[in-house]
Structure formats: C-alpha cells, structure tokens
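Quick mapping for you: the protein sequence lines, in order, are chains A and B. Anchor point for the first sequence: position 233 equals 233 in UniProt numbering, and the numbering is continuous, going up by one each time. Anchor point for the second sequence: position 212 equals 212 in UniProt numbering, and the numbering is continuous, going up by one each time. Ideal Cβ placement from N, Cα and C applies to all residues, glycine included. Note that the structure is predicted; figures quoted are calculated from it, not measured.
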Amino acid sequence: MTTTTAGPAAARKRRRGDVQGSGRLAVTLLSPTFIVLALVVGYPVVAALRESLYQRGQGLDANGFVVQGDKFVGLRNYTDIFTGPNSHAFWNAFGNTTFFTVVTVVIETVLGVAMALIMSRAFRGRGFVRASILVPWAIPTVVSGLLWRWVFQADGIANAIIGRQVLWTTEGFHAKLAVIIADTWKTAPFVGLLVLAGLQVIPRDVYEAARVDGAGAWQTFWRITLPMVKPVLLVAVLFRLLDVLRMFDLPVVLIGLHKDSVETLTMTAYDEATNLRYGPAAAYATVLFVYVAVVAYTFVRLLGADIIGEMRQPRAARPVRPKRKPLTVPREVTT
Amino acid sequence: MTAVAASAPRARGKSRTRQVLPYVGMAVVVIYCLVPFYWMFVSAFRRPEDQFENSVLPAPWSVKNFSAVFKPGVGFGRALLNSLVVAGLTTLITLLVGTFTAYALARLNFRFKNAVLGVIIATSMFPGISLIIPLLKLFSDIKWINTYQAMILPTLSFALPLAVWNLTAFFRQMPFELEQAAMVDGCTRGEAFRKIIIPLSAPGVFTTAIITFIAAWNEFIIALSMVNKKEMQTATVSISKFTGAYGFDQPFGTQMAAGVIVTVPLVIVVLVFQRRIIAGLTAGGVK
Numbered sequence: 001m002t003t004t005t006a007g008p009a010a011a012r013k014r015r016r017g018d019v020q021g022s023g024r025l026a027v028t029l030l031s032p033t034f035i036v037l038a039l040v041v042g043y044p045v046v047a048a049l050r051e052s053l054y055q056r057g058q059g060l061d062a063n064g065f066v067v068q069g070d071k072f073v074g075l076r077n078y079t080d081i082f083t084g085p086n087s088h089a090f091w092n093a094f095g096n097t098t099f100f101t102v103v104t105v106v107i108e109t110v111l112g113v114a115m116a117l118i119m120s121r122a123f124r125g126r127g128f129v130r131a132s133i134l135v136p137w138a139i140p141t142v143v144s145g146l147l148w149r150w151v152f153q154a155d156g157i158a159n160a161i162i163g164r165q166v167l168w169t170t171e172g173f174h175a176k177l178a179v180i181i182a183d184t185w186k187t188a189p190f191v192g193l194l195v196l197a198g199l200q201v202i203p204r205d206v207y208e209a210a211r212v213d214g215a216g217a218w219q220t221f222w223r224i225t226l227p228m229v230k231p232v233l234l235v236a237v238l239f240r241l242l243d244v245l246r247m248f249d250l251p252v253v254l255i256g257l258h259k260d261s262v263e264t265l266t267m268t269a270y271d272e273a274t275n276l277r278y279g280p281a282a283a284y285a286t287v288l289f290v291y292v293a294v295v296a297y298t299f300v301r302l303l304g305a306d307i308i309g310e311m312r313q314p315r316a317a318r319p320v321r322p323k324r325k326p327l328t329v330p331r332e333v334t335t
Numbered sequence: 001m002t003a004v005a006a007s008a009p010r011a012r013g014k015s016r017t018r019q020v021l022p023y024v025g026m027a028v029v030v031i032y033c034l035v036p037f038y039w040m041f042v043s044a045f046r047r048p049e050d051q052f053e054n055s056v057l058p059a060p061w062s063v064k065n066f067s068a069v070f071k072p073g074v075g076f077g078r079a080l081l082n083s084l085v086v087a088g089l090t091t092l093i094t095l096l097v098g099t100f101t102a103y104a105l106a107r108l109n110f111r112f113k114n115a116v117l118g119v120i121i122a123t124s125m126f127p128g129i130s131l132i133i134p135l136l137k138l139f140s141d142i143k144w145i146n147t148y149q150a151m152i153l154p155t156l157s158f159a160l161p162l163a164v165w166n167l168t169a170f171f172r173q174m175p176f177e178l179e180q181a182a183m184v185d186g187c188t189r190g191e192a193f194r195k196i197i198i199p200l201s202a203p204g205v206f207t208t209a210i211i212t213f214i215a216a217w218n219e220f221i222i223a224l225s226m227v228n229k230k231e232m233q234t235a236t237v238s239i240s241k242f243t244g245a246y247g248f249d250q251p252f253g254t255q256m257a258a259g260v261i262v263t264v265p266l267v268i269v270v271l272v273f274q275r276r277i278i279a280g281l282t283a284g285g286v287k
C-alpha cells in the first residue's frame, strides 16, 4: 500500500533532504566493495579464528583406528604456542618481529625526516632526487632481498668495502643487521617522500616569523617543523609499523626460512601452513593479527594519527551540504 | 655548483657552505637510493665467470646472464606473463569496484561515512598471512590451487582498500559545483557521475591504476602460497626460486639479470609519471 504512494513523495523528499537519497545511492555504490572485502577479508578472518580452534590430522581413536579430519581442540593451539614444547619458536619469532619493528621504524623515521629536510632545502634538481627516491619503492621486495643477498655475499661488495669477512646471510646478529639495512634502504625514502609532502604545505611566513623572533635552526625544527609535519609523519610511521609487523618477503629471500635470528611471526605461520598444520598456523596468524590490531589501536589512540584525514571537516557542516567548500590546499607537490 | 656560487657574489664563508650543503645532502640521498640498484644492474651485465669481481663497471660487458634467464627450462617468460595477468586483472577489478565506492565516500553525504572509510582502510592492515591460511585451505578444497583467481582474489584484500583510499582523495579534490551545475542542467546523479566526474577524474584513476599495479606486481606471499606448479608462478616467486648449476650455489648473475628485467619497466614508469605517483602516494596522508 504505502509503496505505491511512496514513489513521487519519496522523489520530492529526496530533493529536499538530500541525505536520504544519497544514503540509498551510497549503499548501492558501496556494496560491491563490501562484498569483495567480505569475501577476501571478512571470511578468512572468521575462518582463521575457527580454524585456530581445530587440529587436523591423524589420531587414534579408543579402538586404535586412525581418525582423519579436523578435531575441535579448543584453545589448545594457543596454549601450545605460548607454553608448549615448541613455544621457543613463537617467542623467538615474536621477539624478532618486535625487534625489527622498533629498530627499523625508528631508523626509517629519522632517515626519512632527514631526507625530507634535505629535499625541501634544495632548489635545483629536486625532481631528479624525487625520482630516485621512488626507485627503491618501485623495486619488488623480493628483488631487493636478492640484491642485498648479493651485496652481502661472503666475497660480495659489502665485505670488500668494509674490508672484513662477515658472513652476513648466515645465522646471528649479522643476519638481523642485514635485514634491517635492506629494509631501511627500501622504505626510508618512502617515509621521506611523505614527510616532504607534509613539509611543503607549511606556509612560508611561519618560518619567517620564527626567524624574525630570532629562533635558531634547531629551535625552528623542534618547535615548528616537527609539530607541523606531525600528522603526516604519524600516518607514515603507522604504515611502516603495520608493514614491518607482517614482514615476510625480505627475510625469506635475504636469509631464508628456518633461521632463528630472522624468523618473524609471518614466517612461522607460513611454515606451519605449508606443512599442513592449519590449526597452529591459524593460531599463529590470529596472534599476529591481534598484535597488529593492538599496535595500530594504541598508536592511533596515544598519538592521534588521523588516517581518515579531512573526512572529519565536512562533518561539522553536515546538516546542509556546504554550497561552497573552502578550497583545499592543492595537494600535488610543487616542483 | 661553482656557477651557483659565482652568481651570488655576496655569498661567502658561512653562507656559501649553506648554499652548497643542500646539494651535498641531495647527492647523498641520490647515492643512497641508487647505488644498490646500480650494483644489481652492473652485476647483471658481467660475464658469469667475472661474477665475483667488484669493479665499478663490468670488464667486458656481457648479456650471458640475460640469455640464461630466458633459457627454455627456466620458464621466466611464462612467469612474466603470469605476473602481467595477475597484476593486470587485479588492477582492473580494483578500479571497477573501487571507483564507485570512492565516489560515494568523497561526494555523497550519508551516515557512518567515516566509519565506512575507516573499515575499508582497516581491512588493508590485516596481516596477509592471517587471510592466506583459511583461503589456502578453501582453495585446496575447491581445486583452485594453481589458478589465476587463487592469486587475484587474495590480492584484492590489499589492492582494493589502497585504491579506494587513493581515489577518495582524488574525487574529494574536485569542485562540488561541477556536479551541481550538471544536475541543474538536467542530469541525474548517475549521469553527472558518468559524464562529468569520470572523465575529469581520469588522471586520478590512472595514477591509482599505476600504484595498484605496482603493488600487485610486487606481491609475493600470496603467489608463493597459492601456486606450486612452475607454469603458474609469478615473476617474483620465479626469481626467488632460480636454482644454480651447482647445488647450494645461488645463480646471482641470473637473478640480478631477472631483477633488472622485472624492475626496469617499473622504474621507467615511475620516472615518467613521478609527479603523479607522488601525488597519489601522498594523497591520503597529506591533506
């Protein structure tokens, strides 16, 4: 009944209150993405949670017959990971993952900011520098892993330069160092790129005012530059954090699987999965998942990284669609 | 450098170093970024027997490593094709699906908009491995191992959020008057989108396509897990599995040559479109 009369009325209503009409259109436009993400992200996450409570394989039942298939084991996979006979593998991987995350992100942030500051000072050849900064980013991680493996060969160029024989790609602290160097090379420029873009939206007169007030270079950096690029820097750091936490390609190619000194959580989970121990593998993956979520949440909460960005601004002016949106700063980086 | 100094006659002492210093810094940055890449390039052009020489240039240049890459048994040509198919289709699907969502997020007012964008961005942060394990099991059950779709679908999990995020930033940039004018002239929302927004956003879509393609091309763990047949390997997996002539020896020359083949097209694309790529990469992060 109501539907028949709703037609024209709804059309009129739509014209007046834009929000409802847009809402319907929005649902239509958003649904393909959500369907895809539900299939490729939603389903696996739920399935992994379920999987982590099962154990697969052959057991013997009470009569001595072999039983195939999945068996519900509750939280046993998790307790095995944390305290079982193989728990050292987990704690080692956990420690490595945390170590890599902290060390590389700190180094990359410092290097990235330094690069950005250098680039923002230069006037000529900036385009060239910016292009070269994109090169490490564009190289596949696997290829950069091989490249660094080659550099770190026993009789490779790295040893030739330092004049010492270091077996980089074997076990030990050297291997960790090799991974850190290779990862830093690939991603510090990327951090620099983002920070540079952040630097360029800082209005010049702020610096002039600081100079008039007699601020030194160091003071200007701590009091003006750093606070003003903070939002961009936080987003860059968050991305790096999440990326290093799930690191896989680089240590696998550079050092190899089953090396205690570089084994990360992702590598351990992968190893379990390829040995068809899906239950423990899913448990590993779930632990990593929770770890990533906790780090991301803490980071966003504590430091207020604002990924959604200016999404928040239109919200204030929500009830009426703003007739004139204030022109945003041109985003494209100027040469 | 001297020309710069000479053109500013008053620049002396401290201010002179101040002028030169940024260029020294820039040189350091460029060397830092390019030297390892250069080393790969040079190593690829050495003769296999000179492989362990550390001269700055290959003594006699040689393309032997390159011909080794394309030897019939290696299957690298097929791997390149596989990479092209997987990364290409992923990009295509991502753009088809992502454009609508990005448009809605950038141009429409509806409730839970921030939440929706937040959810989409959050999905890209899931560690790949926690998605791969259940999918691996599912794909083995339905006999999808060693198929393109088994690589493409999981790749969407990070490609699609990346593209939506990027495109939203691009769409948001366009003046709102455009559609309003079109709608005053009698277009519907859909027509305004198709006739006005899509053509105007072509550069943004193109940039997003490049970034998505590079991300999908560089993907490793999904392709490694979902494929065990050599003919279905992508280039990144194939390179990592090259085997040398003697047991444990790694065929570095061949790998460096393959690395050059995989990287140089990307580097050229990056150099040609660098300004756009930077705009795309910084789109979400910088307002």
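Against chain B, a Cβ distance below 7 Å from MET115/A picks out VAL29.
Across the set PHE170/B, ILE132/B, VAL164/B, GLY88/B, the C-alpha of PHE170/B shows the shortest separation from the C-alpha of PRO203/B. Residue burial annotation: GLY216/A is exposed, with fewer than 16 other C-beta atoms found within 10 angstroms of its C-beta.
Sequence-distant partners of LEU136/B (beyond 5 residues in either direction) whose C-beta falls short of 6 Å from its own C-beta, in its chain, are SER225. Checking the DSSP bridge columns, you'll see PHE72/A partnered with TYR54/A. Between GLY77/B and the set SER55/B, ALA279/B, LYS230/B, GLY280/B, the nearest pair of CA atoms involves LYS230/B.
Sixteen is the threshold: since fewer than 16 other Cβ atoms of the shown chains lie within 10 Å of the Cβ of LEU81/B, the residue is exposed. Annotation: SER261/A to TRP168/A spans about 11 Å, alpha carbon to alpha carbon. Close CB contacts of ILE31/B within its chain, under the 7 Å cut and outside five residues either way in sequence, are absent. If you check the CB distance, PHE99/A and THR268/A do not come in under 8 Å. Residue contact with chain A for ALA87/B: absent (no Cβ-Cβ distance below 8 Å to any residue of chain A). Spatial neighbours of TYR103/B in its own chain (CB-CB distance under 7 Å, excluding positions within 5 residues in sequence) are listed in chain order as PHE171, PHE193, ILE197.
Against ALA209/A, chain B offers no close residue; the least beta-carbon distance is about 20 Å (beta-carbon pairs closer than 9 Å).
Taking each of VAL179/A, TRP218/A, ILE224/A in turn and checking the Cα distance to ALA209/A, the smallest one comes out for ILE224/A. ILE139/A sits buried, since 16 or more C-beta atoms from the chains shown fall within 10 Å of its C-beta.
Put simply, the backbone Cα of VAL40/A is about 15 Å away from that of ALA216/B. Residues of chain B with a Cβ closer than 8 Å to the Cβ of TYR78/A do not exist, since the nearest Cβ in that chain sits about 14 Å away.
In this model, PHE66/B and TRP137/A are separated by some 24 Å (Cα to Cα). For TRP144/B, no Cβ of chain A is located within less than 8 Å of the residue's own Cβ.
The region 73 to 80 of chain A makes no contact with the region 248 to 267 of chain A; the number of CB pairs closer than 8 Å stays below 3. Chain A has no Cβ within less than 8 Å of the Cβ of ALA182/B. Among the residues of chain A, none has a CB under 9 Å from the CB of PRO48/B; the nearest is roughly 14 Å distant. The C-alpha of THR234/B is placed about 9 Å away from the C-alpha of VAL85/B.
Excluding five sequence positions before and after ARG46/B, the CB atoms of its chain that fall closer than 7 Å to its own CB belong to GLU53, PRO58, SER62, GLY253, given in chain order. Here ALA38/A carries a helix assignment [DSSP, helix/strand/coil]. By the Cβ criterion, the region 230 to 250 of chain A is in contact with the region 177 to 190 of chain A, since at least three pairs of Cβ atoms, one from each stretch, lie closer than 8 Å. Between the C-alpha atoms of SER201/B and ALA283/A there is a straight-line separation of about 43 Å. For ALA79/B, same chain residues with a beta-carbon under 7 Å away, outside a window of 5 residues either side, are GLN233, THR234, ALA235, SER238 in chain order.
With a cut-off of 8 Å on Cβ pairs, the region 218 to 238 of chain A is not in contact with the region 147 to 154 of chain A, counting fewer than three such pairs. By the rule that beta-carbons nearer than 8 Å mark a contact, TRP217/B touches chain A. Here the region 13 to 22 of chain B makes no contact with the region 32 to 43 of chain B; the two share fewer than three CB pairs at distances below 8 Å.
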